Structure formats: structure tokens, C-alpha cells
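J.: Got a structure for you, questions after.
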Amino acid sequence: MSLLKRFVSLPFARTGPTGPRLDVVQVGVTTRCNAACVYCPRTVYARQWVNKDIDPALFRDMLPALAEAKQVHLQGWGEPFLHPHLIDFIRQAKEAGLRVSTTTNAAKVEPKLLEAAVDAGLDDLGVSLAGVTAEENDAVRTGAPFENVAHTVALVREINRKQDGRTTTLHIAYLLLDSHKEQVSRLPALMSKLGVDEGVISALGYVPSWRLEHEESMLPQNNEQARSSRAFRRSMFRLSMAAAFQGINLYYQLPRPRRRRLCPENVHSTMVVDADGHVSPCVMGRMPVKGNCYHWYAGEERLFIPIEFDQLKSDPAGQLKAAATGAERKAFLSSFGRTPAPSCLQCVKLHMSSD
């Protein structure tokens, strides 16, 4: 099944006998990173950021609950390949019967580590990019140069060729910034050159600074911007259709002026566990920072309001199961039918749409 079909097939409100179920659990294995992308909260909040690796014992102890999902995505606010036990996590999750994926900035991933990840059973690897040329990407992704992305993709393809039967699929996780959004038309050609036929294109979903709000955010804030946004979305649809005829699947989500009724992050069937064991509905639900932090939404600076269902401590598996079916999560999910939580009302993600 293509990456595009996998994303589209995820339900917005799949439920089980005891309420909303989990299809995917995202585990933020580390908040450390070896890059300094200008748009990342970790860069903007550098003085407040808390660097933390998930305890291998915590991951092991919550596996019985993870095994009831279909997939675990091993990545959050950090570079997963920096965690010394990432390969163990992949292997343990595969032994539990899970589909396993992760995303890398490709800043500096050793060939032996990539090979170990593939051998351990990694099903899908996303490689981050924010430009179709070295000049565009490297200007905003300090420490994660374009050439390293191309090298990482080539390495994984070479490792796959040596595998007996199973391989790790690749996709490009492309961040679309307003300053060079028109250049995305060249992405299919780049993907074809790299030998990657799956791509996920997203705009900034969290805007941590005034400069990013005024230079890179794609959330329309007036009628002129709304008209421009509609025209650009039409061009993206044409681009995705043309790419499909070339055998390239592009999945994209761009912000519209109005909020959606349901969160496109599939919060009805997913949850996030961060490196400290905090359980949230999505990766935007919690920032690993000391004290308050502020972000920008619709032209205004806002206090970040975290959403947390629990913190896994004494009984990680039991607590995770309880959080998945508990009253707090049910109340959060049902709020979308009325008035979403305050943090959701100031989240760009709630504006994202693929049409």
C-alpha cells in the first residue's frame, strides 16, 4: 500500500467497544537534535529546551499497550537516530507485531546505523527536507544539508538492494515555507532523481516566532491571502495529479482560513508519548521546555497551552491503556463536536486541509 493510501485510510473517528481506539502511537524517543532548523521550536526556545532521551525501561514497559495499536512512530521533537537504543526499540516493536516508522533529519546518520535499522525491521523512513535545492534547504535547515539528505536516501536504497525479501520504504517529509512555496513544483523531479516515490508536504503547523509568522506562515489572514491560498491549493492539486502519472504519490495539507471540524492529526486514533512519558493527543500537545513559551497564531502572540492525559510512571502499559480510553481523552475528542480545547483553537493544524 502506498504512503498516500495509508494516510488517507486513517479514520478520523474510529472507535472500539470502549471508545476511541489507537491505530498509531507516536513515541518521541529523544528531544535532542544535531540540527538547528530556523523554524523549529527547539531552535527558537533554545534557552528553555529540555534535552531528554526516553528511558529504555519505560519503552519496554509500555510495549504491551503499544502492541494493541497497529503502528508505532519513533520520533517527536528531536532526531531519533541520536538515541543509543533506537535499534533496540525498532526490534522490540517488531517483535510485538507492530509496523514501525521514524523520520530523520539526515544530518549525520552513520551507514552502519541505517543498516542496523533496516535489519531490525524498520518499515518506513521519512527524510526531512525544506527546499528542492541545496541553497533553499540549507538556508533554513542549519546542520542538515541537502547533500546529506541525498546521501542518506542513496544509502537506504543500497541497503534495501542487499536485503532478502523485505525492505524499508522511503518518503520525503517536505516542509513548505511561504518564502519559496512556488519552488515545490520541482519536487517531483527531485524525488524521481533520488528514487523516492512517496512524499508528504506540510506547512508550518506551529509558529514559534514573529519573524516566522510574517515570513513563512501560510495561514491566510485576510481576503487577499485567502484568494492567493485558494489559487496555490489548486496548483498543488494539479501538481499531485501530474506527479501521480509519473508514479510519484504526493500527500499534502495546507492551511485554509477557517478551522476544520475535525483535527487532521487523526487524534481520534492516535496518541503521543514523549521522552518523559507524558501522554498527549498530538505532538503539538506538549513542548519539552522549562517555564512558559509563546507562539504566533493569526497574527497574534499566544501563550502555549499544553494538553496532557497522563505521565507514565509506575505502570506504563496500564496507564497508557487507561489514557487511551479514559474520560479525559473522551472529553477532549468530543469537544470537536462543540467547542475545541483552547489550545486547539489557536493551532494552525486545525486549519490544515488536503483540498
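Counting from 1, one number per residue, gives the positions in the sequence shown under UniProt numbering.
Glycine is no exception: its CB is placed at the ideal position from the N, C-alpha and C atoms.
All values reported here derive from a predicted model rather than from experimental measurement.
So, at 7 Å on beta carbons, what are the nonlocal neighbours of Gln48 in its own chain, with the 5 sequence-adjacent residues on each side left out?
T.: Correct list, in chain order: Val289, Lys290, Gly291, Cys293.
J.: Drop a sphere of 10 angstroms on the beta-carbon of Arg338, count the other beta-carbons inside from all chains shown, and report buried for 16 or more, exposed for fewer.
T.: Counting Cβ neighbours within 10 Å, Arg338 comes out exposed, since fewer than 16 surround it.
J.: Taking the continuous alpha helix (DSSP H) assigned at Gln92, which residues delimit it?
T.: Unbroken alpha helix (DSSP H) run through Gln92: 86 to 95.
J.: Starting from the C-beta of Tyr45, find all residues in its chain whose C-beta is less than 6 Å away, skip the five residues before and the five after it, and write them out in chain order.
T.: Hits under 6 Å: Val289, Cys293.
J.: Rounding to the nearest angstrom, what Cα-Cα distance links Asp61 and Gln92 in this structure?
T.: Their Cα atoms are separated by approximately 11 Å.
J.: Might you give, ordered along the chain, the residues of its own chain that have their beta carbon closer than 6 Å to the beta carbon of Gln319, omitting 5 neighbours on each side?
T.: So the list reads Asp310, Leu312, once near-sequence residues are dropped.
J.: Please go through the region 124 to 153 and give each complete beta strand (DSSP E) segment of 3 or more residues, from N-terminal end onward.
T.: Correct list: 124 to 129.
J.: How would you call Ala327, buried or exposed, if buried means at least 16 neighbouring beta carbons within 10 angstroms?
T.: So Ala327 ends up on the exposed side.
J.: From the DSSP secondary-structure annotation, give me the bridge partner or partners of Gln311.
T.: DSSP lists His278 as partners of Gln311.
J.: For the beta strand (DSSP E) that contains Trp49, what are its first and last residues?
T.: From DSSP, Trp49 is part of no beta strand (DSSP E); its letter is neither H nor E.
J.: Measure from the C-beta of Ala150 to each C-beta in chain C and report whether the shortest distance is under 8 Å.
T.: Of the protein chains in this structure there is only one, and it is not chain C.
J.: So, Val132 versus Arg186, is the Cβ gap smaller than 8 Å?
T.: Yes, these two residues count as a Cβ contact at 8 Å.
J.: Just checking my contact of Val348 with Tyr174 at CB under 8 Å: how many whole Å lie between their CB atoms?
T.: About 17 Å; that fails the 8 Å criterion.
J.: Are Leu122 and Thr102 close, meaning C-beta to C-beta below 8 Å?
T.: For Leu122 and Thr102, yes; Cβs fall inside 8 Å.
J.: Under the assumption that Gly78 contacts Arg32 (Cβ atoms under 8 Å), give the Cβ distance between them as a whole number of angstroms.
T.: About 5 Å; that satisfies the 8 Å criterion.
J.: For Asp274, does the count of other Cβ atoms within 10 angstroms reach 16, so buried, or fall short, so exposed?
T.: The residue in question, Asp274, is buried, as its Cβ has 16 or more Cβ neighbours within 10 Å.
J.: Ser335 to Leu345, Cα distance in whole Å?
T.: Spanning the two alpha carbons is a distance of roughly 11 Å.
J.: Sort Lys181, Pro41, Asp138, Lys321 by Cα distance to Phe304 and report the nearest one.
T.: Selected option, being the one with the closest Cα: Pro41.
J.: Starting from the C-beta of Glu115, find all residues in its chain whose C-beta is less than 7 Å away, skip the five residues before and the five after it, and write them out in chain order.
T.: Correct list, in chain order: Ile159.
J.: Between which two residues does the beta strand (DSSP E) harbouring Ser202 extend?
T.: Ser202 -> beta strand (DSSP E) spans 198 to 203.
J.: Taking the alpha-carbon positions, what's the Arg157 to Ala331 distance?
T.: Distance between the alpha carbons of Arg157 and Ala331 is about 44 Å.
J.: Consult DSSP for Cys37 and reduce its assignment to one of helix, strand or coil.
T.: Three-state DSSP puts Cys37 in a strand.
J.: Looking at C-beta atoms only, is the number of pairs between the region 166 to 173 and the region 197 to 206 that lie closer than 8 Å three or more?
T.: Taking 8 Å as the limit for Cβ pairs, the verdict is that the region 197 to 206 does touch the region 166 to 173.
J.: Taking the alpha carbon of Arg261 as the point to measure from, which residue in Ala130, Glu110, Ala106, Leu333 has its own alpha carbon closest?
T.: Of the candidates Ala130, Glu110, Ala106, Leu333, the one whose C-alpha sits nearest the C-alpha of Arg261 is Leu333.
J.: In chain order, what residues of the same chain lie with their CB nearer than 7 Å to the CB of Ala36, ignoring the 5 residues before and after it?
T.: Counting only Cβ-Cβ distances below 7 Å, and skipping sequence neighbours, we find Thr43, Thr142, Gly143.
J.: Would you say His73 and Thr30 are within 8 Å of each other, going by their C-beta atoms?
T.: No, the Cβ-Cβ distance between His73 and Thr30 is not below 8 Å.
J.: Please confirm whether Met352 and Gln221 have their CB atoms less than 8 Å apart.
T.: Not closer than 8 Å, so no.
J.: Can you tell me which of the three DSSP states Glu224 falls into?
T.: Residue state, collapsed to three classes: helix.
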